[in-house]
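S.K.: Structure provided below as structure tokens; questions to follow.
If you want it as structure tokens, here you go:
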């Protein structure tokens, strides 16, 4: 089955430190990968995507993600975390025009 | 401001009642989606529509129906609500519905959600 997995329910990081939120995928063919962020009581907001081209993708709010085909991963990264980055992050893969989401990872950035 | 509007924002519903969640977008997007969000399960696709006049089943379609009479509206109906349908429901749309997609039009835009409690 085509799917996406986020192995960590929660990631804790101190403000100013680098952060990584992990995502792995299982799809046949070329993967189209996305990251979304959800703040409390809000809908999801698009952060970045990988469709083709450069494996390092830059997105909103200083986030970036690296597509690794051999490891089937698309980890979200940021060099220096902010307290305001605390939110729920979702990785997603597009399969036959449908977006399939991972379970979500709560990012907690502490001052 | 262009975007997706969902109504109502929240609802408490008696089991067995019929309920329609409304979703309207003004971006002229081809594709629309309904998801439910449950703790620990992420977002699960209920139904989708690639273009007006067509619909398809997602991961968890049972107990739900949709229609897509025009480009802008994509209502989700619970014919006879049950407590397991208590959830937060999100409507989304994207411009691109083809597969493989054009790279520039693939991201989805989400509404603010409808919090539904079935008692």
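Chains as they are written, first to last, in our numbering: chain V, 263 to 373; chain C, 257 to 375. Here a beta-carbon is modelled for each residue, glycine too, at the ideal position from N, C-alpha and C. Just so we're clear, the structure is a prediction, and the values are computed from it rather than from any experiment.
(1) How long is the line joining the alpha carbons of residue 355 of chain V and residue 306 of chain C, rounded to whole angstroms?
(2) Quick check on residue 300 of chain C - is its C-beta less than 9 angstroms from some C-beta in chain V?
(3) Using 10 angstroms around the beta-carbon of residue 293 of chain V, count the other beta-carbons present and answer buried if the total reaches 16, otherwise exposed.
(4) Which one or two residues does DSSP pair with residue 353 of chain V in a beta bridge?
(5) Within its chain, find whatever has a CB closer than 8 angstroms to the CB of residue 301 of chain C; leave out the 5 residues flanking it on each side and keep chain order.
(6) Beta strand (DSSP E) containing residue 347 of chain C: first to last residue?
(7) Check whether the region 259-275 of chain C and the region 353-372 of chain V touch, using three or more Cβ-Cβ pairs below 8 angstroms as the test.
(8) Going along the chain, which residues of its own chain have a beta-carbon closer than 6 angstroms to the beta-carbon of residue 379 of chain C, five neighbours each way excluded?
(9) Go ahead and pull the three-state DSSP assignment for residue 275 of chain V.
(10) Residue 328 of chain C: which of C/264, C/373, C/347, C/293 sits nearest, CA to CA?
(11) Mapping the DSSP letters down to three states, classify residue 315 of chain V as helix, strand or coil.
(12) Among residues of its own chain, excluding the 5 on either side of residue 449 of chain V, which ones have a beta-carbon nearer than 7 angstroms to its beta-carbon?
(13) For residue 265 of chain C, which residues of its own chain have a beta-carbon under 8 angstroms away from its beta-carbon, when the five flanking residues on both sides are left out?
(14) Consider the Cβ of residue 294 of chain V: report whether some Cβ of chain C lies at a distance smaller than 9 angstroms.
(15) Please classify residue 372 of chain V: is it buried, with 16 or more other beta-carbons within 10 angstroms of its beta-carbon, or exposed?
(16) Let's see if you can read the secondary structure: which residues bound the beta strand (DSSP E) around residue 361 of chain V?
(17) Which value, in whole angstroms, describes the spacing of the CA atoms of residue 285 of chain V and residue 276 of chain V?
(18) Alpha carbon to alpha carbon, what distance is there between residue 309 of chain V and residue 323 of chain V?
(19) Output, in chain order, the set of chain V residues within a Cβ distance shorter than 7 angstroms of residue 306 of chain C.
(20) Within 10 angstroms of its Cβ, does residue 263 of chain V collect 16 or more other Cβ (buried), or is it exposed?
M.R.: Let me lay it out:
(1) Here residue 355 of chain V refers to the residue found at position 93 when the first chain is read from its first residue. Here residue 306 of chain C refers to the residue found at position 50 when the second chain is read from its first residue. One C-alpha to the other measures close to 17 angstroms.
(2) Counted from its first residue, the second chain places residue 300 of chain C at position 44. For residue 300 of chain C, the nearest beta carbon of chain V is closer than 9 angstroms to its own beta carbon.
(3) Taking the first chain and counting its residues from 1, one reaches residue 293 of chain V at position 31. Classification for residue 293 of chain V: buried.
(4) Position 91 of the first chain, counting from 1, holds the residue named residue 353 of chain V. In the DSSP assignment, the residues bridged to residue 353 of chain V are V/297.
(5) Position 45 of the second chain, counted from the start, is the residue given in the question as residue 301 of chain C. Excluding sequence positions up to five before and after residue 301 of chain C, its CB lies within less than 8 angstroms of the CB of 289, 290, 291, 314, 315, 316, all in the same chain and listed in chain order.
(6) Counting from 1 along the second chain, the entry for residue 347 of chain C is found at position 91. It spans 343-350 - the beta strand (DSSP E) in which residue 347 of chain C sits, taken as one unbroken run.
(7) Touching, no.
(8) For chain C, the structure presents residues 257 to 375; residue 379 of chain C sits outside this window and is missing.
(9) Numbered from its first residue, the first chain carries residue 275 of chain V at position 13. Note: residue 275 of chain V maps to strand in three-state DSSP.
(10) Here residue 328 of chain C refers to the residue found at position 72 when the second chain is read from its first residue. Nearest C-alpha to residue 328 of chain C: C/347.
(11) Reading the first chain from its first residue, position 53 is the one you call residue 315 of chain V. Reduced to three states, the DSSP call for residue 315 of chain V is coil.
(12) Summary: the structure shown does not reach residue 449 of chain V, with chain V confined to residues 263 through 373, and so no result is reported for it.
(13) The residue given as residue 265 of chain C occupies position 9 in the second chain. Taken in chain order, the residues that qualify are 368, 369, 370, 371.
(14) Here residue 294 of chain V is taken as the residue at index 32 of the first chain, counted from 1. Using a CB distance cut-off of 9 angstroms, residue 294 of chain V counts as an interface residue toward chain C.
(15) The count along the first chain starts at 1 and reaches residue 372 of chain V at position 110. The residue is exposed, with fewer than 16 neighbouring Cβ atoms inside 10 Å.
(16) Numbered from its first residue, the first chain carries residue 361 of chain V at position 99. It spans 360-363 - the beta strand (DSSP E) in which residue 361 of chain V sits, taken as one unbroken run.
(17) As a position in the first chain, residue 285 of chain V is number 23, starting the count at 1. As a position in the first chain, residue 276 of chain V is number 14, starting the count at 1. In a straight line, the C-alpha of residue 285 of chain V is about 21 angstroms away from that of residue 276 of chain V.
(18) Looking up residue 323 of chain V in the first chain gives position 61. Looking up residue 309 of chain V in the first chain gives position 47. Looking at the two C-alpha atoms, the distance is approximately 8 angstroms.
(19) Position 50 of the second chain, counted from the start, is the residue given in the question as residue 306 of chain C. Taking a Cβ-Cβ threshold of 7 angstroms, the residues of chain V close to residue 306 of chain C are 359, in chain order.
(20) Position 1 of the first chain, counted from the start, is the residue given in the question as residue 263 of chain V. With fewer than 16 Cβ atoms within 10 Å of its Cβ, residue 263 of chain V is classed as exposed.
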